[in-house]
Amino acid sequence: MKKLAILPAFLVLLAGASSCEKNQVEPAQATVSAADATLDALTQGKTVTSTNTGTYPYTYQVVENGITVTKNATGTFSSALRINSFEVRNGVITALGTLSATPTSGPASAYGPVAVAIPLSLAQISSSCSAATVNYGTQTVSLNGTTQSVNPVLSVSPSQSDKNLLGNLVCSLGKILGNPSPSDTGGVVSHLNKIISIIGS
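Mapping the sequence shown onto our numbering, position 100 (from 1) lands on 84, and the numbers just tick up by one.
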């Protein structure tokens, strides 16, 4: 008799657990963009690619009326900063990844990918409950003997929801950055790694 009395209570608990599982909301898909360019398709794992485009000068030679003439031209390129993770190095927030550039017109000499460790101040990172931005600062690439500047910027705008993990992370990061101190670097790094883990998967 005791076993039969326990069975209905067990079924009630099981039904409750099933109901909780149904009510869980998956994180909404993030809207991610990069300044001056379109963010490439996000790769698997903790890697986010921020892309910039630009131009670079080059020369070429042609023969006109039997004379070799050197002419100037402008090529175009696309650069990609791939951030794998963030960490604190000597008290400084550092973005770790690779930087590369590929000509889309002009001489076909590409740059990289080369490993980069980009130091970031708290002023280069901003966040509110609607968006988070990381301005990596000016980076340089070499193409056809010329040095070109790119300015990759990561911007994440999650859908707002009480159960949106990405939205909560972005909002929490904003609170840390609202009154930052040097001791906050670990918390900022932790949030940034969690954010790119979500949007990079």
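Ideal Cβ placement from N, Cα and C applies to all residues, glycine included.
If you're wondering where the values come from, they're calculated on a predicted model, not measured in any experiment.
Starting from the C-beta of G171, find all residues in its chain whose C-beta is less than 7 Å away, skip the five residues before and the five after it, and write them out in chain order. The residue labelled residue 171 in the question sits at position 187 within the sequence shown. These residues qualify, in order along the chain: I160.
Quick one: which unbroken beta strand (DSSP E) runs of 3-plus residues sit fully inside the segment 14 to 98? Chain order, please. 15 to 18, 32 to 48, 51 to 73 and 76 to 89
Per DSSP, what kind of secondary structure is A107 in: helix, strand or coil? On the sequence shown, position 123 is the one that residue 107 refers to. DSSP places A107 in helix when its eight states are reduced to three.
Using the C-alpha atoms, what's the distance from T131 back to S114? The residue you call residue 114 lines up with position 130 of the sequence shown. The residue you call residue 131 lines up with position 147 of the sequence shown. S114 and T131: Cα-Cα distance of roughly 36 Å.
What are the boundary residues of the beta strand (DSSP E) that includes N119? Position 135 of the sequence shown, counting from 1, holds the residue named residue 119. Start and end: A116 to N119.
Quick check on R73: buried or exposed, where buried means 16 or more other Cβ atoms within 10 Å of its Cβ? Numbered from its first residue, the sequence shown carries residue 73 at position 89. Exposed is the call here.
Tell me, please, which residues DSSP counts as bridged to I102. Mapped onto the sequence shown, residue 102 falls at position 118. Paired residue(s): A79.
Thinking just about the alpha-carbon of each residue, which of L106, T117 and V32 is nearest to the one in L83? Sequence index remark: in the sequence shown, residue 83 carries index 99 (1-based). Of the candidates L106, T117 and V32, the one whose C-alpha sits nearest the C-alpha of L83 is V32.
In chain order, what residues of the same chain have a beta carbon less than 6 Å from the beta carbon of I182, not counting five sequence neighbours either side? Position 198 of the sequence shown, counted from the start, is the residue given in the question as residue 182. L150, listed in sequence order.
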